[in-house]
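Student:
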Amino acid sequence: MIDSNHQPKRRVLVVGAGGVGTMASVALERSGMACVTAVLRSNYETVMKHGFDIESVDHGKLSGWRPTNLVNKVPTTSSETPFDYVVVTMKTIPEIMNVAEIIAPSVTPGHTAIVLLQNGIYIEPPIINAFPKNAVLSGPSYIGAHEKNGHVVHDDPDRFHLGVFHNDRLDKQYERRKLEDFASAYNGNGIEHAIIVDDIIHYRWRKALWNGIFNTMCAITQLDNAAIRRSGGEYSLIRPGMAEMAAIAAADGYDLGKDIVEEMVNATPIELSFRPSMLVDVDKGNPVEIEVILGNALRVARKKGVQTPILDNTYRFLKLIQTRLLVARGHIDQPIDIPTTDSI
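The letter at position 138 of the sequence shown is residue 233 when you use the numbering used here, and the numbering goes up by one with no holes.
This is the structure in structure tokens:
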């Protein structure tokens, strides 16, 4: 398989073909530079029969669209045709899954680059520990895309910062080549989806200001972001919580700027009455990404000695909600001990 530049097409596995994963598959396939194998779960039978019906702000309407291959579990890689990239877009919920174990069959040591298009801060070290010979690329996505039964509504452009999370065992020039090659394939359809940056953790901390506060507090209150702001939560909870997150980032060596709270509060127009992903998960009865979105940030805070009373209580309330969701889904039989914020 050869692309338009007479180079072999990249073999890409996308793990988690919901809204984000499906649109990543579309971008890669439509570039003409990649052949995508998408791992589907609950929507596998529907998409096998009918393909995806997509309404996309970037790509228009696509009817019956499919990537090169569809599978219902992570395939075992072949030494003759290894995957060049494994793109992970599934949600990270360590209480019920181990991402490294899930993708392990598809990763060829020393060859496959792992691309984490997921929420969270410091989600990369466990992947590097599991795959010490593989480059890890990281990109917090801001896309608005939702999939249900093979129908995808993509109403917010697919744009994200992408960078290397450096592995001390690997040559930096090698990691950079992997970064530039993947970005080239993702952007090959003429749209700059992936914006290469030198320090991806800076951009993950930026997103943590929005995700760690709006996402979590909307999940707890079951109010959208506009309702929280209009009901007085903006100044009593949202802005102070963001200031705490910015203080954690600063202690970690990342100065996000004096206007970062104002910028993040207004990043989502109040007129949208936006319902963040964690709130949508609570509505559906699905477990939430509390540890990677908030827990990891608080672990940095404890290490650096940063006081975070608002974020601590947010974490405590969310852990209670998470316990209810895990019990209801049958992931645990009974409530579990909730760690204190001093011990996380």
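All residues carry an ideal CB built from backbone N, CA and C; glycine is no exception.
This one's a predicted model, so the numbers in the text were calculated from it and none came from an experiment.
Consult DSSP for T132 and reduce its assignment to one of helix, strand or coil.
Tutor: Within the sequence shown, numbered from 1, the residue matching residue 132 stands at position 37. DSSP places T132 in strand when its eight states are reduced to three.
Student: So, does the region 295 to 303 touch the region 151 to 168, judging by three or more C-beta pairs under 8 Å?
Tutor: Short answer: they don't touch.
Student: Which residues does DSSP pair with G111 in a beta bridge?
Tutor: As a working note, residue 111 is residue 16 in the sequence shown. Bridge partners of G111: none, in fact.
Student: Any chance you could list the alpha helix (DSSP H) runs of at least 4 consecutive residues sitting entirely within the region 188 to 261, in chain order?
Tutor: DSSP runs (the alpha helix (DSSP H)) wholly in the region 188 to 261: 194 to 198 and 220 to 225.
Student: Answer with buried or exposed for P364, where buried requires no fewer than 16 other C-beta atoms within 10 angstroms of its C-beta.
Tutor: By 1-based counting over the sequence shown, the position of residue 364 is 269. Under this definition P364 is an exposed residue.
Student: Give me the Cα-Cα distance between I308 and M337, rounded to the nearest whole angstrom.
Tutor: Reading the sequence shown from its first residue, position 213 is the one you call residue 308. Reading the sequence shown from its first residue, position 242 is the one you call residue 337. Near 6 Å, if we compare the C-alpha coordinates of M337 and I308.
Student: Would T184 and V109 be called neighbours here (beta carbons separated by less than 9 Å)?
Tutor: The residue given as residue 184 occupies position 89 in the sequence shown. The residue given as residue 109 occupies position 14 in the sequence shown. Cβ distance < 9 Å, so T184 and V109 count as in contact.
Student: Contact criterion: CB-CB distance below 9 Å. Does Q102 meet it with respect to chain D?
Tutor: Absence of chain D from the displayed structure is noted, only one protein chain being present.
Student: Just to confirm, is the Cβ distance from F255 to S236 under 9 Å?
Tutor: Your numbering for residue 255 matches position 160 in the sequence shown. Your numbering for residue 236 matches position 141 in the sequence shown. Yes, the pair counts as a contact, with Cβ atoms nearer than the cut-off.
Student: Looking at the unbroken beta strand (DSSP E) that takes in S158, where does it start and where does it end?
Tutor: Residue 158 sits at position 63 when you count from the first residue of the sequence shown. Segment G155 to W160, the beta strand (DSSP E) holding S158.
Student: Which residues does DSSP pair with V377 in a beta bridge?
Tutor: Looking up residue 377 in the sequence shown gives position 282. V377 pairs with nothing; no bridge assigned.
Student: What's the gap between the Cα of R324 and the Cα of P204?
Tutor: In the sequence shown, residue 324 corresponds to position 229, counting from 1. In the sequence shown, residue 204 corresponds to position 109, counting from 1. Answer to the nearest angstrom: the Cα atoms are 48 Å apart.
Student: Based on DSSP bridge pairs, tell me the residues matched to E140.
Tutor: The residue labelled residue 140 in the question sits at position 45 within the sequence shown. Per DSSP, none; premise fails for E140.
Student: Express the C-alpha separation of G111 and R136 in angstroms, rounding to a whole number.
Tutor: Along the sequence shown, read from residue 1 onward, the residue named residue 136 stands at position 41. Along the sequence shown, read from residue 1 onward, the residue named residue 111 stands at position 16. For R136 and G111, the distance between alpha carbons rounds to 8 Å.
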